[in-house]
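There are 2 protein chains.
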Amino acid sequence: MGEPDESEIIEEHRVEEETEAKGTRSVAASCSSFPGSVSASDRLLGHSSTQSSHRLLAYSDALISIIATVMILPVAHTKMEDDEELRQSVQLLLTTKIAVYLMTFLIVTVAWAAHIRLFQVIVRIDDCLALLNLACMMLITFLPYTFSLMATFPENILGILLFCGCVMVIGVIQSVIVLYAFSRPFLLSEHVQISENQTFYKHHILKVIMRVPLMCLFASIFSFIFFQLSYVLLAIVIFLPYISQCLKWCRSKAIGQVDESPESMLFYTYLPNEPLSKERVEAFSDGVYAIVATLLILDICEDNVPDPTVVKEQFGGSLVAALQVYGPEYLAYFGSFATVGLLWFVHHSLFLHVTKTTRFMGLLNTFSLAFVGGLPLAYQLTHEFPRNSRNELEAIQISCVIIFFAGIFQLCIWVAALYNEQETLHPYVRYGGREHAFMLAKLALYPCVALGTFFLTCILSRFSASIFHLMEITVPFAFLVLRLLVRVGLALLRQIFCPDRSDLRTVVEEDDDEARVPFNAVVT
Amino acid sequence: MGEPDESEIIEEHRVEEETEAKGTRSVAASCSSFPGSVSASDRLLGHSSTQSSHRLLAYSDALISIIATVMILPVAHTKMEDDEELRQSVQLLLTTKIAVYLMTFLIVTVAWAAHIRLFQVIVRIDDCLALLNLACMMLITFLPYTFSLMATFPENILGILLFCGCVMVIGVIQSVIVLYAFSRPFLLSEHVQISENQTFYKHHILKVIMRVPLMCLFASIFSFIFFQLSYVLLAIVIFLPYISQCLKWCRSKAIGQVDESPESMLFYTYLPNEPLSKERVEAFSDGVYAIVATLLILDICEDNVPDPTVVKEQFGGSLVAALQVYGPEYLAYFGSFATVGLLWFVHHSLFLHVTKTTRFMGLLNTFSLAFVGGLPLAYQLTHEFPRNSRNELEAIQISCVIIFFAGIFQLCIWVAALYNEQETLHPYVRYGGREHAFMLAKLALYPCVALGTFFLTCILSRFSASIFHLMEITVPFAFLVLRLLVRVGLALLRQIFCPDRSDLRTVVEEDDDEARVPFNAVVT
Numbered sequence: 000m001g002e003p004d005e006s007e008i009i010e011e012h013r014v015e016e017e018t019e020a021k022g023t024r025s026v027a028a029s030c031s032s033f034p035g036s037v038s039a040s041d042r043l044l045g046h047s048s049t050q051s052s053h054r055l056l057a058y059s060d061a062l063i064s065i066i067a068t069v070m071i072l073p074v075a076h077t078k079m080e081d082d083e084e085l086r087q088s089v090q091l092l093l094t095t096k097i098a099v100y101l102m103t104f105l106i107v108t109v110a111w112a113a114h115i116r117l118f119q120v121i122v123r124i125d126d127c128l129a130l131l132n133l134a135c136m137m138l139i140t141f142l143p144y145t146f147s148l149m150a151t152f153p154e155n156i157l158g159i160l161l162f163c164g165c166v167m168v169i170g171v172i173q174s175v176i177v178l179y180a181f182s183r184p185f186l187l188s189e190h191v192q193i194s195e196n197q198t199f200y201k202h203h204i205l206k207v208i209m210r211v212p213l214m215c216l217f218a219s220i221f222s223f224i225f226f227q228l229s230y231v232l233l234a235i236v237i238f239l240p241y242i243s244q245c246l247k248w249c250r251s252k253a254i255g256q257v258d259e260s261p262e263s264m265l266f267y268t269y270l271p272n273e274p275l276s277k278e279r280v281e282a283f284s285d286g287v288y289a290i291v292a293t294l295l296i297l298d299i300c301e302d303n304v305p306d307p308t309v310v311k312e313q314f315g316g317s318l319v320a321a322l323q324v325y326g327p328e329y330l331a332y333f334g335s336f337a338t339v340g341l342l343w344f345v346h347h348s349l350f351l352h353v354t355k356t357t358r359f360m361g362l363l364n365t366f367s368l369a370f371v372g373g374l375p376l377a378y379q380l381t382h383e384f385p386r387n388s389r390n391e392l393e394a395i396q397i398s399c400v401i402i403f404f405a406g407i408f409q410l411c412i413w414v415a416a417l418y419n420e421q422e423t424l425h426p427y428v429r430y431g432g433r434e435h436a437f438m439l440a441k442l443a444l445y446p447c448v449a450l451g452t453f454f455l456t457c458i459l460s461r462f463s464a465s466i467f468h469l470m471e472i473t474v475p476f477a478f479l480v481l482r483l484l485v486r487v488g489l490a491l492l493r494q495i496f497c498p499d500r501s502d503l504r505t506v507v508e509e510d511d512d513e514a515r516v517p518f519n520a521v522v523t
Numbered sequence: 000m001g002e003p004d005e006s007e008i009i010e011e012h013r014v015e016e017e018t019e020a021k022g023t024r025s026v027a028a029s030c031s032s033f034p035g036s037v038s039a040s041d042r043l044l045g046h047s048s049t050q051s052s053h054r055l056l057a058y059s060d061a062l063i064s065i066i067a068t069v070m071i072l073p074v075a076h077t078k079m080e081d082d083e084e085l086r087q088s089v090q091l092l093l094t095t096k097i098a099v100y101l102m103t104f105l106i107v108t109v110a111w112a113a114h115i116r117l118f119q120v121i122v123r124i125d126d127c128l129a130l131l132n133l134a135c136m137m138l139i140t141f142l143p144y145t146f147s148l149m150a151t152f153p154e155n156i157l158g159i160l161l162f163c164g165c166v167m168v169i170g171v172i173q174s175v176i177v178l179y180a181f182s183r184p185f186l187l188s189e190h191v192q193i194s195e196n197q198t199f200y201k202h203h204i205l206k207v208i209m210r211v212p213l214m215c216l217f218a219s220i221f222s223f224i225f226f227q228l229s230y231v232l233l234a235i236v237i238f239l240p241y242i243s244q245c246l247k248w249c250r251s252k253a254i255g256q257v258d259e260s261p262e263s264m265l266f267y268t269y270l271p272n273e274p275l276s277k278e279r280v281e282a283f284s285d286g287v288y289a290i291v292a293t294l295l296i297l298d299i300c301e302d303n304v305p306d307p308t309v310v311k312e313q314f315g316g317s318l319v320a321a322l323q324v325y326g327p328e329y330l331a332y333f334g335s336f337a338t339v340g341l342l343w344f345v346h347h348s349l350f351l352h353v354t355k356t357t358r359f360m361g362l363l364n365t366f367s368l369a370f371v372g373g374l375p376l377a378y379q380l381t382h383e384f385p386r387n388s389r390n391e392l393e394a395i396q397i398s399c400v401i402i403f404f405a406g407i408f409q410l411c412i413w414v415a416a417l418y419n420e421q422e423t424l425h426p427y428v429r430y431g432g433r434e435h436a437f438m439l440a441k442l443a444l445y446p447c448v449a450l451g452t453f454f455l456t457c458i459l460s461r462f463s464a465s466i467f468h469l470m471e472i473t474v475p476f477a478f479l480v481l482r483l484l485v486r487v488g489l490a491l492l493r494q495i496f497c498p499d500r501s502d503l504r505t506v507v508e509e510d511d512d513e514a515r516v517p518f519n520a521v522v523t
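Below, the structure is given as C-alpha cells:
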C-alpha cells in the first residue's frame with residue numbers, strides 16, 4: 000500500500016537473483032489485472048473521472064470486517080452469574096448467540112467474497128460506481144440485524160422478508176454496477192476488456208449475480224405459504240454453490256482434468272482454486288484482527304471507569320481499591336490483545352510468502368477469523384470466576400480450544416497453499432526452501448502450545464490458572480527467539496538422524512535449487 | 000493497494016501525456032522512500048527475514064483508528080430523558096464526556112503521528128520489530144482509558160501516574176525500535192541509509208522520541224508534590240512543539256526563508272510542511288469513517304432485537320409493532336451511514352488528487368475526523384425526541400453544525416494544499432485545472448447544505464424535521480448529478496459574465512496549459 004512502483008515485489012521478500020525477481024513480477028502481474036497496460040488504452044479513451052478502486056475496496060473491507068464481527072458483542076455482553084454452572088450458561092449461549100455469530104460471520108463473508116469477485120472484474124471506478132457501492136455497503140451492514148431477527152423469531156416471516164429484501168436490493172444494485180461498468184469498458188479488467196465476447200462475460204456475471212436475489216424472491220414468496228421451505232431455499236442459496244463446486248473440483252482432481260468452460264473464464268467459476276485478491280484478504284483480516292483485539296478495551300473504556308460518588312462511599316475515596324475490582328478485566332484485555340496480536344503476526348508472516356490466494360484458502364481464513372472473534376470472550380471468562388472453580392477450568396479450556404482452532408486453520412491455509420505451491424507460494428517457503436521449517440514452526444507454535452496447555456490443565460487442574468498465565472507470558476518471548484529455536488532444533492535433528500552434517504547441508508541446498516528451477520521455468 | 004507496478008500513478012488520475020506521467024512518477028518516488036532502489040542495496044546485504052512494513056502499518060492504523068473513536072461510545076450511550084431539557088443535558092455532556100472524547104482523539108492522533116514519523120525513517124521491518132510494534136500498540140490502545148480516569152478523577156494522582164507510565168513505556172519501546180533499526184541499516188529509508196552522518200540522525204531521533212517520556216517522568220514525580228503542575232507539563236508536552244513550530248514557520252514565511260537545520264532533515268522537523276505518509280493518512284481516515292459509519296448498527300444489533308416474551312406480552316405477538324418502537328433508530332442509522340459515507344466519498348475524491356500530505360493537512364484532517372465521530376450521536380438525537388419539540392430542533396441544528404465543521408475542515412485541507420499546490424496537488428485540480436471547479440463543488444456541497452439547513456430550520460422551525468430529512472435524501476442524488484450541475488453552473492456563469500463564450504474557453508484552456516508548464520519544468 001505504501002509505495003509506488005515496485006513495492007509489491009519488495010514487500011513479498013528480498014529477491015536474490017534478477018531472474019527470480021522478474022519471475023515474481025510476472026506472476027504478480029498475471030494475478031492482478033495488468034494495471035500498467037490498461038493505462039494506455041485508458042489514455043486513448045480519455046475519461047478523466049476514472050479512478051483506481053483500491054481505496055474504495057479498502058474502505059469496503061473495513062466496513063465488512065466490522066460488521067462480520069458485530070454479532071460477537073451480544074455474546075460477550077451476556078451476563079453470566081457466578082452461582083450458576085458455566086456449563087449450563089454456555090449451552091444456552093451455544094444454542095442461540097454463538098450460532099447467530101458464526102452464521103452472520105459466514106453470511107457476511109459470503110457477501111464479501113461476492114464483492115471481491117465483482118471488483119476483480121471491475122478494476123477502475125468513477126464517482127457513480129463509488130456511490131452505488133456505498134449504497135450496497137449500507138445494505139450489507141444491515142444484514143446481521145435482519146439475520147438476528149430471523150434467528151430470534153424463527154416462526155415470524157418478517158425476519159425472512161427483511162433478509163430477502165436486503166439481499167434482493169443488493170443484487171439489483173450489483174447488477175446495475177455490472178451494467179454500468181460494461182457500458183464503460185475502460186472500467187473493466189484488461190482480461191475482459193481485450194476479450195472478444197464481452198457480452199458473454201456480461202451475461203455470465205449477471206446470471207451469477209441474479210441467481211441469489213431470485214432464490215431470495217422465491218424464498219420470500221414461499222414464506223407466506225410454508226415458511227420452513229424458505230429456510231431450506233436460503234440454505235441452498237448460500238451453501239450449495241460451494242458444496243457442488245467443491246465436489247466437482249474433487250472429482251475432476253480424482254479422475255483427471257475436465258475443462259468444462261471452453262472460455263478462459265478466470266473469475267466467477269466458484270472453483271476452490273479461483274483467485275481471490277490477496278490484498279483484500281489481507282485488508283479484511285487486518286480489520287477483523289484489529290476489532291477483535293480492541294473489543295475488550297472498548298468495554299473497559301465504557302464501563303470500567305468508576306463513578307466518583309461510588310469510590311467515595313464504597314471504597315473510602317481510594318481509587319486504587321475501586322480499580323482492583325476490575326483487575327481481572329485488565330488482565331483479560333492484555334491477554335487477549337497479545338494473543339490476537341500474535342495470531343495476526345503469524346497471519347502476516349504467512350501472507351508475506353503467499354503469492355496468490357485462492358477461494359479455498361479464503362474459506363480457511365474465514366474459519367480461522369471466526370474463531371479469533373470468540374477469543375476475547377473466552378479470555379474474559381477465564382478471569383471472571385473464582386480461583387480453582389470448575390467454571391474457571393472450563394473457561395480456560397475453551398480458550399485453549401479456540402486458540403487451537405484459530406491456529407490450526409492458519410496452518411491449513413499453508414497446507415492448502417503447499418498443495419499447489421508452484422502457483423501460490425514463494426520458493427523460500429516451499430518444501431526444501433530455506434524458510435520452510437521456520438514458517439512451519441511459526442504456524443505450529445500456537446496450536447501446539449494451546450494443545451499442550453489444554454492437556455496440562457486436564458491433568459493438573461488445580462494449577463490451571465497458573466499454567467494458562469504462564470502460557471500467555473511465554474508465547475510472545477517464544478516468538479521472539481523462534482528463529483534461534485528452529486535452528487537449534489534442526490541442528491539437533493541433524494545430529495540425531497544424520498551425524499554427517501556437511502553432507503545433508505549439501506543435499507538441502509541442492510533441494511533448494513531444484514525447488515526454484517521449475518518456478519523459473521514456468522515464468523520464462 | 001490492489002495492484003503492483005504502476006497502480007499508484009493510475010490511481011491518481013488518468014495521465015494524458017507521457018511527460019506528465021513521468022513527472023508524476025518522479026514526484027511520487029521522491030515522496031516515498033525509493034523502494035525500488037533500496038531493494039538493490041538490500042540484495043547485497045542479503046537478509047532474508049526483511050519485510051515491507053506496509054501491512055504492519057495498515058494494522059496499526061486500524062487499531063489506532065478504533066481506539067481514537069472509542070471515547071465517543073460513553074457519550075453515545077448516555078441516557079437522555081425526554082422530560083429534561085436537551086440544553087441542560089448537552090451542557091452536562093459538553094463539560095465532561097465530549098471533552099474527554101475530543102482530548103483522547105487528539106492524544107491518540109498525536110501518538111499516531113509519532114508512529115508515522117518513526118516508520119517514515121524505518122521503512123522495512125523484521126519479526127523482532129513487528130513484535131515490538133505490537134507491544135507499543137497494546138499500550139497506545141490503553142491510553143484512552145488512563146486519560147478518562149484522569150478526567151473523571153482529576154484530583155487523584157493515579158490517573159496521571161498510569162497515563163505517564165504508559166507514555167514512558169511507549170517511549171522506551173520506540174527508542175529500542177530506533178536503536179534496533181539503526182543497528183541494521185538495511186531497515187532504514189534510503190535517505191538515511193546513504194547519509195554520511197547516520198549517528199547524527201540516530202541521536203536526533205532518539206532526542207525527539209525521549210523528550211516526551213522524560214517530561215512525563217517529571218510530571219509523574221511532580222504529581223506527588225503538586226499535581227496541578229503535572230497537568231501543565233502534560234499540556235506542554237502535547238501542544239508546545241506544534242505551537243512553537245507553527246509560530247516559527249509562520250515567522251519564516253513572513254520574514255523570509257530561514258533554513259535553520261543545515262542537515263537535509265526530511266522528517267522529525269515538526270514543521271507544518273513536514274511530509275506525512277499519504278497512505279497512512281488515508282488508511283487511518285478509512286478506519287475512522289468505517290467505525291463511525293457502523294457505530295449505530297453495532298448498537299442496533301446488540302440492543303434492538305426484541306425479546307420474544309416481551310413481543311408476546313406487550314405487542315400481542317406482533318413483531319412489526321414491536322419493531323416500530325425502534326423506527327427512529329433505523330432512520331438514524333441509515334441517515335448517519337449515508338452522511339458518513341458521503342463525507343468519506345468527498346475525502347476519497349480529494350485525496351485522489353493529493354500527491355503529498357503535510358503535517359498541517361494531517362492536523363486539519365484530524366479535526367475533520369473528530370467532528371465526523373460525533374455525527375452518529377447527533378443523528379440519533381434528532382430522532383429520539385417528540386416531533387416539533389425544542390429538543391428535536393436543537394438536535395437537528397447540532398447535527399448541521401457537526402456536518403458543517405466536518406465538511407469545512409475537509410475544504411480547509413484543500414485550501415492548505417492549494418497554498419502549496421506545486422508540491423501537493425495534481426495539475427487537474429490546481430487553479431485553472433479542469434477538475435478545479437468540480438472538486439470545489441464536491442468539497443463545498445456538504446458545508447453549504449448544512450449551513451442552508453441550519454438557517455432554514457431557524458426560520459421554519461415548525462418544519463425542521465422535514466427539512467432535515469429532505470436534506471438527507473437529496474444530498475446523495477446531488478452528488479450523483481454534481482458533475483452535470485457544475486457544468487451547467489459554469490456555463491451559466493459564462494453566459495452572465497462573458498457572453499462571448501468561445502473567447503473565454505480559449506483563455507481557460509491556455510490557463511490550463513500554463514498551469515501545467517511549471518510542473519513539467521520542475522520535474523524535468
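In order, the protein sequences belong to chains A and B. Position 260 (the first sequence) corresponds to 259 in numbering that gives the first Met the number 0; numbering is contiguous. Position 415 (the second sequence) corresponds to 414 in numbering that gives the first Met the number 0; numbering is contiguous. C-beta atoms are modelled at their ideal positions from N, C-alpha and C, and glycine is treated no differently.
Opposing strand residues paired with residue i [DSSP bridges]
i      : result
B:E187 : Sequence inspection shows Leu at residue 187 of chain B; the Glu mentioned does not correspond to that position. DSSP, once it has assigned bridges, lists B:I121 as partnering B:L187.
B:Q50  : B:I124
B:T357 : B:P274
A:L424 : A:V353
Buried versus exposed, by CB contacts within 10 Å (16 or more), residue i
i      : result
B:D306 : exposed
B:T123 : Residue 123 of chain B is actually Arg in this sequence, not Thr. Label assigned to B:R123: buried.
A:C457 : exposed
A:C524 : What the structure shows of chain A is the stretch from 0 to 523, and residue 524 of chain A is not part of that stretch, so it cannot be assessed.
Chain B within 8 Å of residue i, Cβ atoms only
i      : result
A:F162 : no
A:R500 : Confidence at A:R500 is low in this model, with a pLDDT of 48, below 50, so the placement of that residue is unreliable and no value is reported for it.
A:E422 : no
A:H435 : no
A:H76  : yes
A:R389 : no
Residue i at chain A interface by Cβ criterion, 8 Å
i      : result
B:Y58  : yes
B:E301 : yes
B:S147 : yes
Per-residue contacts from residue i into chain D (C-beta, under 9 Å)
i      : result
A:M438 : The structure shown contains no chain D; its protein chains are A and B.
Checklist entry - Using a beta-carbon distance cut-off of less than 9 Å, what residues from the region 215-246 of chain B approach chain A? => result none
Checklist entry - Given a limit of 9 Å on CB to CB distance, which residues of the region 359-370 of chain A reach chain B? => result none
Next on the checklist: Measuring CB atoms only, is the region 272-288 of chain A touching the region 53-63 of chain A, in the sense that at least three cross pairs come out at less than 8 Å?
Outcome noted: yes
Checklist entry - Residues in the region 325-347 of chain A with C-beta within 9 Å of chain B's C-beta atoms, listed in sequence order? => result Y329, Y332, F333, F336, A337, G340, L341, W343, F344, H347
Checklist entry - Are there three or more Cβ pairs, one per stretch, closer than 8 Å when the region 310-328 of chain B is compared with the region 356-365 of chain B? => result no
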